[in-house]
Each structure stands twice: as structure tokens, then as C-alpha cells.
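Trainee:
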Amino acid sequence: MIRDIPSGIHTYLVRQLPVPTAFFNRQLEVVYASDSWIAIFGSLGKSVLGSTVKELAPNAPKRWMDILENCLEGVTGQKGTERVFGPDNQEIWYEYANSPWFDENENIIGAIVQVTDVTQRVRKELEYEKTRILLEANAELALIGSWEYDVERDSLKWSDMTRQIHEVPLHYTPTLESAIHFYKEGYSRNTITQKVYLAIDTGQSWSEKLQLITAEGREIWVVASGKPLYKGGKYIGLVGTLQDVTEITLSEQKITESERLLSTVVDNLPLNVYIKDLESRKTLVNKSECAYMGVTEPSELIGKSDFDLYDARMAQVSRDEDLYVMNNGKSILGKETLSVRKDGSTTYFLSSKIPLLDASNQIYGLLGVSLDITDLKNKENELRDLIDVTSRQNAKLLNFAHIVSHNLRSHSANFSMLLELLAAEEDPEEARRIVRMLTGASDNLMEALENLQEVVALNASTEIRMTPVNLRGAVSRAEDQLAAFLGANQACLHNDIPAELTITAVPAYMENILENFITNAVKYRHPERTPEIRLSARKAGGKIELSIADNGLGIDLDMYGDKLFGMYKTFHKHPDAKGIGLYIVKNQIEAMQAKILTCSEVDQGTTFKIYFNDAV
Amino acid sequence: MMQFDSICVIDDDPIVVFGIRKMLQGAFPDATFTSYENGKVALDHLSAAVASASPLPRHILLDINMPIMDGWQFLDAFIRLPITEPMDITIITSSIDPADLQQWETFRGLTHHRLEFRNKPIKKEDLIAIVRAA
């Protein structure tokens, strides 16, 4: 029967159909096909007409085959969408419509198939679906709800998430007024009201962080955003989102509060606190540290290292400490350090450096804490000085007690012994001898008392008047005074002192000191040499060092070093050795805040070095 | 080592040396007196005597405060001398410093010599008793 259908006009009409269309006979062979159909299926390189469905679409799903079979049975209006893969394996979606093909006698003679390429539409639908799912997921995660207001119908639609945020049941229907009423009275409600009307009036969109009270009565923070919708330039409603930011806001508030607490504590600690990065640059400083560095704003110190703030030597010491702490992960705790600022002022610190670890236990810097202990340190030094003075005074007192106990006692013991002997003496000649001895003992006692008086006077004078004394001049005067004595002993004195050196001293003490050392040098001369005394001086460490060197007997310092300047200590068998001169000299030197050092070698000579305060 | 009646006074004060000799002469008319003006001189002589096996004094009367070498420095060196026979040494000093008494105690524990301690002024009877007791 199919063969009977004429081609000609039918064929012509069918070929021009815009929708790809094919007519199948009952054997499912193509009888007619539009050009557009052929364009799709004709790429197989053989004639479309006369081919079977299986030949045209070998992969055609069974479902479609069933549908075609159904068409032949008279089932109409069957549609479907199928995915097929094109020659380049690209995805193509076809929507097809199948209907039975009737002849004029209403007999089903085949099936008519129309296909439409709906790939673009399907893709868009899929994309839309994906987007919707993603949006929903995001909204849920970010707690973002949406809403839409239709002005014409005066209806407000909330998304499920928006309802959830308001803690209302899912069937709840809000109105614009009730929605606004959820906002907390006062700032939040005023703001939202104003924003909504502003949007309606002027088309301005909004986004505000506001407080909202849920149906359950909970106070929450939300970011409410919205903008007006227009269609053809005509305002038709509003659309917007609502995000629950309570947790974020609260944790932000907590962080802010903690930070504020921490910075208040750190800033107001009476300690210098700083944080340094791995390059020893300051990343945080507190008020005390700013005040110490003499700046008003932490920003003046941030990013700077010790090399910017201190001299290079100080900075290197500090950097070495930093590196020790950061490389070893060990703290330096309570170390006493002396900090010298660029202006030269010094501060004693009790400082600690503690390594800072990040979340993965990597050291990223250090925390420094320093306590200014300058006052404490100064007090300690004052105390130490006081102890020194006290122990020196105590030693003098003991010495004095010793003089009284030993020296005066020895004189009185002599008197008592001689008197006892005198009383029992019958020989007048011997008695006269004893009386001569008594007289001598009496003279000795007088001298001892005079010496004591001198010592007492020296120690009792609380105020001594120090004046600048030219050292070379003082030595010259002593030389003049002793000229006769030096000449008689053929002693030679060399005054090598530079003319410009001037010390702070008591002139009378200086005279006595110089005369004592010079006469001692001559008194304890070496029997095989003529005495030579060389006086020289130089500046040394802020002091003036006076050297008095002789070529005399020398003193065995190992044996007598501790007694050299003691009272009534003599080390040479010499009739004039009384052991008082050096004792007084030492006291005078100390009274002038000077110090004395002794170097001596037996048979070679002795050098005394006295360190005076420079008058300049 | 043979001893004979010899008394040695070590003191830098000639008055003391004179007095001691005068007080003892009556009680010990046969005694020989030697005196040294400081520890160093005494030590030099006594060391030489020990070295040459010469007789040593029967009794040493020792002052403490002397120039060059004081009584304690002398004792410190003297007790090291190789003298087997215990000797009598009496310290006679005007010092009432407790440190000196302490030193005496210390030296007593260090030596086999008999050490006595007396303060000046010393009475004639006391001095004679000490020297005789030995």
C-alpha cells in the first residue's frame, strides 16, 4: 500500500516542513522525510528514504521503539525527550512527538515522527535546577532567607529559611506590616521602616545590620537587604534577603571584648611589654614601652627593630638573645639587663623573653616583658655603698680598739713593771737607770697619745674641704720642704708629673701624704743604692693615677700586704719606724675618696699608686 | 738535744726585756738570758741552733706585736722546726684582744710544745712560777 502512495506533491510538501518530520510505514521504514530531518539523520552517508529506524538510529532507546510500536496500534499524542550523542559525541537532546499515520479510510498505515532539538532548553533547565539546589544549600548554610513583596496584591512571600529565622511555623503568612513589626522597637524598627519606604519612593536598595525579635521572643542579629522591583519602569514590589548573623555578631562582640580586655591589661601593666616577629621587629608595644622609648603612638615603634632604636652593640646583644629564644624555643626569664638609650640614659631591667607559638606550634616571634628596676638597683647600690662605709668604719673602730687595748696597755704595763722594780731596787745606780726608763716610757706614751689624737681628728672630721690641687705643684712644694732631708741622704727626686693635671683634694692631706711617701722611700732605702724617687701621673679611667716609685728595700707584700697600712705595723728594722705614718696616710686618702694600690718587690723597690678624682 | 738553763725573751720593747731579765735574775742566778727584738731574728737564730744541733733555750717568753715578724708568725714557723723535745713557750702580751686568745688555743692544738698565755703587766712571782714550773 505504501508503494501506492504517490510521490510528487506529497514529497514536495513534506520536504518543506520546518520541523524535522518523518513518515514511517508499518515496517518502520522511512517513506517521507523533511529536508530538516534528512539534515539531522542524513549524515550517515546513505539514503534516508527506505532506511529503517534501526538503521537511522542504531542506539535508539527501546522506550522509543515501544512508542513507535504503540503508534502503529493507534495510540496518539506520545511525547518524550531523549538524549542522543551526535557524530562528534556531543550531547543532543531531542523532543519527539509520535502519532499514528492514517489513510483516508482511517487505517493506520504507519507512524509520523517529529523531532525538535531541545538541547539548549534542556541545558538551561538543568542549569537552573543546579543553581536552585546550590542556592538553597547556600541559603541554609549561611542562614540566608529570601522574601518577595508584590505591591499589586499586597502580598509578602517568605522563603522557608526566612520563616525559620523568624521562628514562625512553615504555614505562617506575613504581611509587610507584621514583618516590620518583628524588628526590635527603636533603632532597628525605625531603620527598616525608613529603608522600606525610601526604597518604594526613590528606588534605593538597602542592607542593614539590625536586631529582630523572633516569634519565640529571642533577640537575634540579622542583615536585612532589599531592593525595589520594576517592570517596564513601573514599581511592582520588593525583593530581598535576610541573614541570621547572631552567632557571628556575638562572637565578634566577644572577640572585641576580649581584645579590649587584653589591651587594657597589657597597656596598663607597669611593665614594658612588646611582641617581636622573627626578624626582631616590634609588632606590638604597650603604653609603658612607648613611654620608655619616648614616643606617644605605638605606630612609631611598630615594624622597627632594636637596630633602629638602640646603638648597634646594644641591639646586637638583644638580637642574639632573641635568636636564642626563637631558635631554641626556650624562654629567658628574669634576666637583669642594662639598657642604654640612644641619648645615653641607662635603665636596669628585669627582663624576660618568651617564644610565641602559632596554632601549629611553629615559633612566629617572641613576647618580651621588662620590669624597670633602676630605682631598686640604685637603692641596692646605695645600700652596698653604705655597707662598705659601715664596714670600713667598723674596721677603723676595731683598729682603734686595738690601739687602746694593746698600745696604751703596753705603755701602762711598762710603767707598772718599772715601778714594781724601782720599789724593790736597792742599788741607787740601778734605780736611776729605772727612772730613766720610766721617763722614756712616759715620752713614748705622750707620742702615742699625740698620734691617737691625730687619728681621731682625721676620722672625726665629717666635713672636709676639697679644692682643686695641681699635682705637679704639690710635689714641688713637698720637695722644697724636704730639701734638706733629701740632700743629707743624697736622695734624688724626679718630678715627672705633667703640669696640667689637677686633682680634687685637701691640700694639707696632700702635703702629709707626699711627705710620708717621700721620707719612707728614703728611710727604707736599699743599703747598696742611693735613693731615687720617681713621681709620675696620668689620666686613667676618669681618675688621675699618681705613681710614687722608689728603688728601696721593697716590702714582702705576701707577708705584710694586709698590714701595710695598719696602725703600729712596721716591717723594717729601723729606729724611726713607728707604724703610724702610713696608717694616717691611708685614712687621708680615703677621706678624699681616693684609692691606693701597692706594688713591691723585695730588694727592688716599691711603687704606690694613688687614684684621685680629676678636678676637670 | 741537751738543754741547759737558758731563757729566751723575744720582744721589741727594750723596757720589757730589761724588766723580765731583772725579775728572773734573782730567782735563776745561773740562767743565761738571750733576747731578740722580733720574731724574724729569733727564728733565724733558733733555726740555726736546730740545724747545728746546738742547745736550745729552756723557756721562750714571746711577745706578739712586733715589727717584721710578729709572735704568731714566729710560732707558725717555729712549730715546724724538727724539735722532738716539748719546749716551754709563754706568750706575754699587752693585747686583751679575744682574737689573740683564740690564736693561742689554735696553736696549742697544733703543737707538742707547751704553750702558756699571760697578759702584761706580769708580776714577778707569777713570772718566776711559770719559768720554774717548766
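Each protein sequence line maps, in turn, to chains Z and C.
Numbering-wise, this note's numbering puts 95 at position 95 of the first sequence, and it's gapless, one number per residue.
Numbering-wise, this note's numbering puts 81 at position 81 of the second sequence, and it's gapless, one number per residue.
Where is the CB? At the ideal position from N, CA and C, for every residue including glycine.
In this text, all values refer to a predicted model and were calculated from it rather than measured experimentally.
When we look at the beta-carbon of histidine 406 of chain Z and count the other beta-carbons within 10 Å, is it buried (16 or more) or exposed?
Mentor: Result: buried.
Trainee: Hey, quick one: how far does the alpha helix (DSSP H) through proline 507 of chain Z stretch, first residue to last?
Mentor: Where proline 507 of chain Z is concerned, the enclosing alpha helix (DSSP H) stretches over 507 to 523.
Trainee: Of all the residues that make up the stretch 399 to 426 of chain Z, which are near chain C by a beta-carbon distance shorter than 9 Å?
Mentor: Listed by position along the chain: Ala401, His402, Ser405, His406, Asn407, Leu408, Arg409, Ser410, His411, Ser412, Ala413, Asn414, Phe415, Ser416, Met417, Leu418, Glu420, Leu421, Ala424, Glu425.
Trainee: For glycine 216 of chain C, which residues in chain Z fall below 9 Å Cβ to Cβ?
Mentor: Shown here, chain C extends from 1 to 134; a query on residue 216 of chain C therefore has no answer.
Trainee: Under 8 Å between the Cβ atoms of isoleucine 64 of chain C and isoleucine 83 of chain C?
Mentor: No, the pair does not count as a contact, with Cβ atoms beyond the cut-off.
Trainee: Quick one: Cα of isoleucine 248 of chain Z to Cα of glutamate 177 of chain Z, how far?
Mentor: Near 28 Å, if we compare the C-alpha coordinates of glutamate 177 of chain Z and isoleucine 248 of chain Z.
Trainee: Nearest chain Z C-beta to glycine 149 of chain C closer than 8 Å, yes or no?
Mentor: The structure shown does not extend to residue 149 of chain C, since chain C spans only 1 to 134, so no value can be given for it.
Trainee: Comparing alpha-carbon positions, which option in Z:Leu535, Z:Arg529, Z:Tyr611, Z:Glu500 lies nearest glutamate 545 of chain Z?
Mentor: Checking every option, the nearest Cα to that of glutamate 545 of chain Z belongs to Z:Tyr611.
Trainee: So what's glutamine 114 of chain Z in DSSP terms, helix, strand or just coil?
Mentor: If DSSP states are grouped into helix, strand and coil, glutamine 114 of chain Z belongs with the strands.
Trainee: According to DSSP, what are the bridge partners of serine 536 of chain Z?
Mentor: Bridge partners of serine 536 of chain Z: Z:Ser547.
Trainee: Considering only DSSP beta bridges, list what histidine 494 of chain Z is partnered with.
Mentor: Looking at the DSSP assignment, histidine 494 of chain Z forms a beta bridge with Z:Arg534.
Trainee: Report the three-state DSSP secondary structure of threonine 502 of chain Z (helix, strand or coil).
Mentor: In the structure shown, threonine 502 of chain Z sits in a strand (DSSP, three-state: E or B).
Trainee: Would glutamine 441 of chain Z count as contacting chain C if we go by Cβ distances under 8 Å?
Mentor: First, the residue type needs correcting, since residue 441 of chain Z is alanine and not glutamine in the sequence shown. So yes, alanine 441 of chain Z belongs to the interface.
Trainee: Our contact map puts leucine 564 of chain Z next to histidine 526 of chain Z with C-beta atoms below 8 Å; I'd like the distance itself, whole angstroms only.
Mentor: Their Cβ separation, rounded to whole angstroms, is 18 Å, which puts leucine 564 of chain Z and histidine 526 of chain Z out of contact at 8 Å.
Trainee: Return the Cβ separation of alanine 660 of chain Z and phenylalanine 400 of chain Z in integer angstroms, given the expectation that the two are a contact with Cβ distance under 8 Å.
Mentor: Absent from the structure is residue 660 of chain Z, since the part of chain Z shown begins at 1 and ends at 616.
Trainee: Can you tell me where the beta strand (DSSP E) holding tyrosine 149 of chain Z begins and where it ends?
Mentor: Note, tyrosine 149 of chain Z: beta strand (DSSP E), 144 to 150.
Trainee: Relative to the C-alpha of arginine 468 of chain Z, which residue among Z:Glu500, Z:Asp358, Z:Ala488, Z:Asp443 is closest?
Mentor: The amino acid occupying residue 468 of chain Z in the given sequence is proline; arginine does not appear at that position. It is Z:Glu500 whose Cα lies nearest to the Cα of proline 468 of chain Z.
Trainee: Return the residue from the list Z:Lys539, Z:Ile192, Z:Leu284 that minimises the CA-CA distance to valine 616 of chain Z.
Mentor: That would be Z:Lys539, whose Cα lies nearest to the Cα of valine 616 of chain Z.
Trainee: Is it true that the CB of isoleucine 108 of chain Z sits closer than 8 Å to the CB of threonine 21 of chain Z?
Mentor: Contact flag unset, no.
Trainee: Examine the Cβ distances between the stretch 212 to 230 of chain Z and the stretch 166 to 182 of chain Z and report whether three or more of them are shorter than 8 Å.
Mentor: With a cut-off of 8 Å, the stretch 166 to 182 of chain Z and the stretch 212 to 230 of chain Z count as touching, because enough Cβ pairs lie within range.
Trainee: With 8 Å as the threshold, decide whether the Cβ of proline 121 of chain C is near any Cβ in chain Z.
Mentor: So, interface residue.
Trainee: Which chain C residues are close to leucine 437 of chain Z, counting only those with a beta carbon under 9 Å from its beta carbon?
Mentor: Sequence check: residue 437 of chain Z is methionine here, not leucine. Within 9 Å Cβ-Cβ: Pro14, Ile15, Phe18, Gly19.
Trainee: For glutamate 95 of chain Z, which option in Z:Ile596, Z:Asp385, Z:Asp117, Z:Glu106 has the closest C-alpha, if you only look at C-alpha atoms?
Mentor: Closest by alpha carbon: Z:Asp117.
Trainee: What are the residues that DSSP puts in a beta bridge with threonine 241 of chain Z?
Mentor: Note: threonine 241 of chain Z sits in a beta bridge opposite Z:Ser146, Z:Ser225.
Trainee: Quick one: Cα of histidine 45 of chain C to Cα of isoleucine 20 of chain C, how far?
Mentor: Taking the straight line joining both Cα atoms gives about 20 Å.
Trainee: Applying the criterion that 16 or more other CB atoms from any shown protein chain within 10 Å of the CB defines a buried residue, is tyrosine 524 of chain Z buried or exposed?
Mentor: With 16 or more other Cβ atoms within 10 Å, it is buried.
Trainee: Taking 8 Å as the cut-off, decide whether the C-beta atoms of valine 222 of chain Z and leucine 238 of chain Z are in contact.
Mentor: Cβ distance not < 8 Å, so valine 222 of chain Z and leucine 238 of chain Z don't count as in contact.
Trainee: Would the beta-carbon of leucine 356 of chain Z fall within 8 Å of that of tyrosine 348 of chain Z?
Mentor: No, they are not a contact pair.
Trainee: Tell me, please, which residues DSSP counts as bridged to glutamate 116 of chain C.
Mentor: Per DSSP, C:Thr90.
Trainee: Would you say arginine 409 of chain Z lies against chain D (beta-carbon separation less than 8 Å)?
Mentor: Structure shown: chain D not included; protein chains present are Z and C.
Trainee: What did DSSP end up calling aspartate 308 of chain Z once you bin it into helix, strand or coil?
Mentor: The answer is helix: DSSP assigns aspartate 308 of chain Z an H, G or I state.
Trainee: My assumption, with CB atoms under 8 Å, is that lysine 287 of chain Z sits in contact with tyrosine 274 of chain Z. Please give the rounded CB distance.
Mentor: With 8 Å as the limit, lysine 287 of chain Z and tyrosine 274 of chain Z do not qualify as a contact, their Cβ atoms being about 11 Å apart.
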